[in-house]
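Right, one structure below, let's go through it.
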Amino acid sequence: MSVNVGPSAKDRKAVAEGLSKLLADSYAVYLKTHGYHWNVRGANFSQLHSLFMTQYTEMWTAIDEVAERIRALGELAPQGYVAFGALSAIKDGDPAKSAEAMLKDLIESHEMLIATLYAALPSAQEAGDEVSASLISDRLTAHEKHVWMLRSSLG
0 MSVNVGPSAK DRKAVAEGLS KLLADSYAVY LKTHGYHWNV RGANFSQLHS
50 LFMTQYTEMW TAIDEVAERI RALGELAPQG YVAFGALSAI KDGDPAKSAE
100 AMLKDLIESH EMLIATLYAA LPSAQEAGDE VSASLISDRL TAHEKHVWML
150 RSSLG
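Residue numbering for the sequence shown follows numbering that gives the first Met the number 0, starting at 0 and increasing by one per position.
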């Protein structure tokens with residue numbers, strides 16, 4: 000059965016493509032944050048362990064919302080490491096990094112994700128897709144806050 004809601008099929012596909020890259024980048028940052036949560040060491044262990052858990056928990060819920068929005072637009076959500084790897088330029092984290100290096104890596108990764116969000120926003124706005132535009136805007140707010148918290152943890 001065809002999807003007949005909101006934007007045109009062409010516009011829905013364009014919005015879904017941006018959301019698919021967002022999904023892949025989000026999953027990459029989620030996995031990196033979760034891994035750093037497990038492997039962080041040092042004097043600030045407890046603080047960073049908790050911060051990373053707060054952030055990956057928030058991202059986990061958002062990942063599902065992004066994937067479900069892609070489906071609501073009538074497209075298939077990408078799944079699996081190969082599909083995500085093809086869509087995302089965000090590299091895996093290194094569990095041997097120092098706590099400071101982990102923070103810097105996460106800041107850089109979130110900034111890449113924020114760039115993806117800003118790139119995806121115009122297609123949603125131009126298509127009149129208020130739901131996707133709102134989702135993207137909400138994710139911008141969340142990731143900009145994550146960067147602020149990470150940057151503040153550097154001192």
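Where a beta carbon is used, it is the ideal one built from N, C-alpha and C, also for glycine.
These numbers come from a predicted model, not from an experiment.
Buried or exposed: where does Arg70 fall if 16 or more other Cβ atoms within 10 Å of its Cβ makes it buried? exposed
Within 8 Å, strictly: CB atoms of Leu171 and Ser25: Since the first and last residues shown for the chain are 0 and 154, residue 171 lies out of range.
Classify Ala8: buried if its beta carbon has 16 or more other beta carbons within 10 angstroms, exposed otherwise. exposed
Is it the case that the Cβ atoms of Leu30 and Ala98 are separated by a distance below 8 Å? no
I think Leu139 touches Arg68, with their Cβ atoms under 8 Å apart; what is that distance to the nearest whole Å? Not really, about 15 Å apart at Cβ, beyond 8 Å.
Decide if Ser131 is buried, meaning its Cβ has at least 16 other Cβ atoms within 10 Å, or exposed. buried
Taking Val146 as the reference, give the member of Ala123, Ser108, Ala27 with the closest Cα. Selected option, being the one with the closest Cα: Ser108.
As assigned by DSSP and simplified to three states, the class of Asn3: Coil, per DSSP.
Answer yes or no: do Val95 and Ser19 have a C-beta to C-beta separation smaller than 8 Å? Checking the sequence shown, residue 95 turns out to be Ala, not Val. For the 8 Å CB-CB criterion, Ala95 and Ser19 do not form a contact.
Can you name, in chain order, every residue of its own chain whose Cβ lies under 7 Å from the Cβ of Arg150, other than the five neighbours on each side? Hits under 7 Å: Ile106.
From Arg11 to Val28, what distance separates their C-alpha atoms? 25 Å
Terminal residues of the alpha helix (DSSP H) in which Ile89 lies: Looking at the DSSP string, Ile89 is not in any alpha helix (DSSP H), and its letter there is neither H nor E.
Do you know how far the Cα of Leu120 is from the Cα of Arg40? Those two C-alpha atoms are separated by around 37 Å.
Is the Cβ-Cβ distance between Val65 and Leu116 less than 8 Å? no
Since Pro6 contacts Gly127 with CB under 8 Å, what's their CB separation in whole angstroms? 6 Å
Contact check, Ala82 vs Gly17, beta carbons under 8 Å: no
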